[in-house]
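Worksheet: the structure to be examined is printed underneath.
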Amino acid sequence: MGPVLLRRGGCLLLWMALLLGCWAELGSSLEFPGAEGQWTRFPKWNACCESEMSFNMKTHSSSGLVLYFDDEGFCDFLELILTQGGRLQLSFSIFCAEPAILLSDMAVNDNLWHTVVIRRNFKNTTLLIDQSEAKWVEVKSKRRDMTVFSGLFLGGLPPELRSPTLKVTLSSVKDREPFKGWITDVRVNYTQSSPVESQEVRLDDEQSHLCARDVCLNGGVCSVLNNQAVCDCSHTGFLGKDCSEGKNLFCHFPVSLPVNERGGQEMETAWLFLHRSESCSCAFP
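All residue numbers in the sequence shown are consecutive under full-length UniProt numbering, ending with 285.
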C-alpha cells in the first residue's frame, strides 16, 4: 500500500509541477486589449531597499498605465506610465516627499519588443531600456526605505482601488487609461513571476511566440489569426504581408511632347508613378 501511495503521490507532485510550469510560461505572456477595467496583479515586489524587476513590452500606444504599486494610501508609491508620444515616465515617492520623476529619451511605442528594467536602491531608482538607455532619479526624502503593502499591478488597477472606499497613495493613478499591448517575461530579482489574478487580460503564449520575431515591419501591428501571424499595415504607409512593400503614389503633371503633326509642341498630362523605393516611371492616359 505504501509504494502505491508513494507512486500516486509522486504522480500528483509531478502533475502539479507541470501545471505550475505551464502557468508560469503562460503568465510570462500577457495581452492587454486596453479595455476599461483591465488589470493584472502580481505578488508584492518588496522594493524597499536594493532590488530590481524587469519585463519585455510591446505596444503601439502613446499613453497608458504600465505598472503601479504603493503602501496602500499612506506615502510611498512607484508608477510607470506611457506618455508624451510613447515615452516611459517613472515617478516614485518615499515618506510623503515630493515625487521624483524621470522621463525616457526614447519612445517605445514602435510595436517592437523592448526590455525594461526598474532598479531600486533606497532613495534612488534607475530605469533601463534595452540596455541602451539608463536614467536614474533620487527622491529628497527623510527616510530611505520604501514601504510596500500592495501587490504589483500591471496594465491597470482593479475597480475597488478606483472607488472612494479604498485608498491609493497616488490619487491621479485612478485616471490613467489602461495599457494596450503585450508584456512578457516579468521577473523580480531575476526570478520569473506569475500573475496572481487578472481581469480582461489574455494569457497569450501563442501571440508571444508568433509575434515575438517582429514579423511586421515599419510599425505594423501583429496579431494572431487562425494560428498565423497577421500584420495590420493600415497606419504605416506600407503594404504587403509584412508591411515591407512601398505604397504606390500617383500624381499628374504637364509635360511637353517634342513634335505634333503640325510640327509644334503640345502640352499633355502625364502620370508619374512613384514608389517608396524611389523608382518612378511615367505613363500617359
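Beta carbons: idealized from backbone N, C-alpha and C, even for Gly.
Boundaries (first-last residue) of the beta strand (DSSP E) holding residue i
i      : result
PRO33  : 29-33
ALA229 : 228-232
SER198 : 197-199
LEU81  : Reading the sequence as shown, one finds Ile at residue 81 and not Leu. It spans 77-83 - the beta strand (DSSP E) in which ILE81 sits, taken as one unbroken run.
SER91  : 87-93
GLY220 : Element bounds for GLY220: n/a, residue is neither H nor E.
TYR190 : Here TYR190 belongs to no beta strand (DSSP E), and DSSP marks it neither H nor E.
VAL66  : 64-70
Beta-carbon proximity check, residue i vs residue j, cutoff 7 Å
i      : j      : result
GLU52  : TYR68  : no
PRO178 : GLN84  : no
VAL221 : ASP232 : yes
ASN111 : GLY219 : yes
ASP142 : SER61  : Here residue 142 turns out to be Lys, not Asp, going by the sequence shown. No, the Cβ-Cβ distance between LYS142 and SER61 is not below 7 Å.
VAL117 : SER54  : yes
VAL188 : PHE32  : no
ALA47  : VAL148 : yes
ASP242 : SER150 : no
LEU217 : SER244 : yes
LEU90  : LEU127 : yes
Buried versus exposed call for residue i [16 or more other C-beta atoms within 10 Å across all chains shown]
i      : result
GLU138 : exposed
CYS49  : exposed
MET57  : buried
THR125 : buried
LEU82  : buried
THR165 : exposed
THR40  : buried
LEU203 : buried
SER104 : buried
GLY155 : buried
CYS251 : Confidence is the limiting factor: at CYS251 the pLDDT is only 46, short of 50, which leaves the residue's position unreliable, though a coordinate-based value still follows. Its Cβ having fewer than 16 others within 10 Å, CYS251 is exposed.
LYS123 : buried
Residue closest to residue i, alpha-carbon to alpha-carbon, out of the options
i      : options                           : result
ASP175 : LEU161, THR236 and GLY181         : LEU161
SER193 : ILE183, ARG202, ILE129 and SER223 : ILE183
SER163 : GLY34, ARG144 and GLY73           : GLY73
LEU170 : ALA100, VAL230, HIS235 and PHE122 : ALA100
GLU133 : TRP113, ASN121, LEU166 and MET106 : MET106
GLU36  : ARG144, LEU203, SER234 and SER198 : SER198
PRO158 : PHE122, TRP136, VAL196 and LYS123 : VAL196
ARG119 : TRP136, ASP130 and VAL108         : TRP136
LEU65  : TRP45, ILE129, LEU152 and THR191  : LEU152
SER93  : ASN121, GLY86 and TYR190          : ASN121
CYS75  : VAL168, GLY237, TRP45 and HIS114  : VAL168
GLN131 : ALA229, THR115 and ARG144         : THR115
TRP113 : THR236, THR59 and PHE95           : THR59
PHE42  : THR191, GLN228 and HIS235         : THR191
Contiguous beta strand (DSSP E) assignments of at least 3 residues, all confined to the segment 30-60:
39-42 and 50-58
Whole runs of the alpha helix (DSSP H) within the segment 99-167, excluding any shorter than 4 residues
159-162
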